[in-house]
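S.K.:
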Amino acid sequence: GKDKGGDFSRLRETLARRVKQVIVIGEASARIRQAIEGTTSICHALSLQEAVSQADRAARSGDVVLLSPACASFDMFRDYRDRGEQFRRLVWALP
Numbered sequence: 003g004k005d006k007g008g009d010f011s012r013l014r015e016t017l018a019r020r021v022k023q024v025i026v027i028g029e030a031s032a033r034i035r036q037a038i039e040g041t042t043s044i045c046h047a048l049s050l051q052e053a054v055s056q057a058d059r060a061a062r063s064g065d066v067v068l069l070s071p072a073c074a075s076f077d078m079f080r081d082y083r084d085r086g087e088q089f090r091r092l093v094w095a096l097p
């Protein structure tokens, strides 16, 4: 998403304990990746569609795939509702 200057390093402990993979997208993806490097598997996607496809391939039975925005949506979407709606549509379109 659009970088608002947040401290992404605060996510490190939770990611290391509870998250199998993070897929970053958007303007702040490089900064997020740098802040959380070494905590869990990190992938980059160029679009939400690509991120959902990557998550679908990586997820196993019983896993939870969560859209967890860490930044504003304005670099790729009209607003947060548009981002959420696009995520919902992409997930429902999965085979």
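Read in order, the letters of the sequence shown correspond to residues 3 to 97 in my numbering. All C-beta atoms, glycine included, are put in the ideal place defined by N, C-alpha and C. All of these numbers come straight from a predicted model, not from anything done at the bench.
1) Which residues does DSSP list as the beta-bridge partners of I25?
2) Could you give the distance in angstroms between the alpha-carbon of R20 and the alpha-carbon of H46?
3) Indicate the three-state DSSP secondary structure (helix, strand or coil) for A53 in the structure shown.
4) Roughly how many angstroms separate the alpha carbons of G86 and Q23, rounded to a whole number?
5) Is A74 helix, strand or coil when you go by DSSP?
M.R.: Reading off the structure:
1) Position 23 of the sequence shown, counted from the first residue, corresponds to residue 25. Note: I25 sits in a beta bridge opposite C45.
2) Start at 1 with the first residue of the sequence shown, and residue 20 comes out as number 18. Start at 1 with the first residue of the sequence shown, and residue 46 comes out as number 44. Answer to the nearest angstrom: the Cα atoms are 19 Å apart.
3) Position 51 of the sequence shown, counted from the first residue, corresponds to residue 53. Looking at A53 - three-state DSSP - the assignment turns out to be helix.
4) Sequence index remark: in the sequence shown, residue 86 carries index 84 (1-based). Sequence index remark: in the sequence shown, residue 23 carries index 21 (1-based). Looking at the two C-alpha atoms, the distance is approximately 20 Å.
5) As a first step, residue 74 must be located in the sequence shown, where it is residue number 72. Looking at A74 - three-state DSSP - the assignment turns out to be strand.
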